[in-house]
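Here is the structure we will look at.
Residue numbers (full-length UniProt numbering): 1 to 178.
The structure is reproduced here in structure tokens:
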């Protein structure tokens, strides 16, 4: 799992679309390595999760990058996600839901990142159809930003902007018919 830490850190530092392709290859290699010693692999992945949690705790409202997304994807690919408690999957789901609930939406790029995180969260709850209020509140706030609304209609969470030009950043005023 030392290779895991080395490749994971190098992968998350580089920019570009090739990261996602490399992550897929890395997941396949890590899955075969994990079969040798599952207990040690779980400890390594939990250490990665703790490292991500500490960096996230420093500024909960800041926009996250590739690292938290990749750790959520990595755990979903390496370990069985179900409704039962799992020493790696359950804390990862809590970490992801906490990011959805606390990251402030300041631009469309941030909203897209959180939507990608929500897609990854749905891998965790696909079987059990679990209800996650933070995800529903974020989706309601996002839909509210895309429609014309009045001052009385407020976002369900404090992570969305409340001033008028930013509150309507997803609203398209012009006619876009083909």
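Each residue gets a CB set at the ideal place from its N, CA and C atoms; glycine is no exception. Note that this is a predicted model, so its numbers are computed, not measured.
Practice task
Tell me whether residue 92 is buried or exposed, calling it buried when 16 or more other Cβ atoms sit within 10 Å of its Cβ.
Solution key: Residue 92 comes out buried.
Check your understanding: What residue ranges within the segment 66-153 form continuous alpha helix (DSSP H) runs of no fewer than 4 residues, ordered along the chain?
Key -> Listed in chain order, the alpha helix (DSSP H) runs fully inside the segment 66-153 are 66-78, 89-102, 108-125 and 133-145, counting runs of at least 4 residues.
**Request:** For residue 174, name the three-state secondary structure that DSSP assigns.
**Result:** Note: residue 174 maps to coil in three-state DSSP.
- prompt: Taking the alpha-carbon positions, what's the residue 60 to residue 36 distance?
  reply: CA-to-CA, the gap between residue 60 and residue 36 works out to about 36 Å.
Exercise for the section: Report the option in 69, 125 and 63 whose CA atom is closest to the CA atom of residue 108. Expected result: Of the candidates 69, 125 and 63, 63 places its Cα closest to the Cα of residue 108.
| Would the segment 76-86 and the segment 95-111 be scored as touching if the rule is three or more Cβ pairs under 8 Å? | Taking 8 Å as the limit for Cβ pairs, the verdict is that the segment 95-111 does not touch the segment 76-86.
Margin query: With the cut-off set at 8 Å, would you say residue 117 and residue 99 are in Cβ contact?
Written below: Yes, these two residues count as a Cβ contact at 8 Å.
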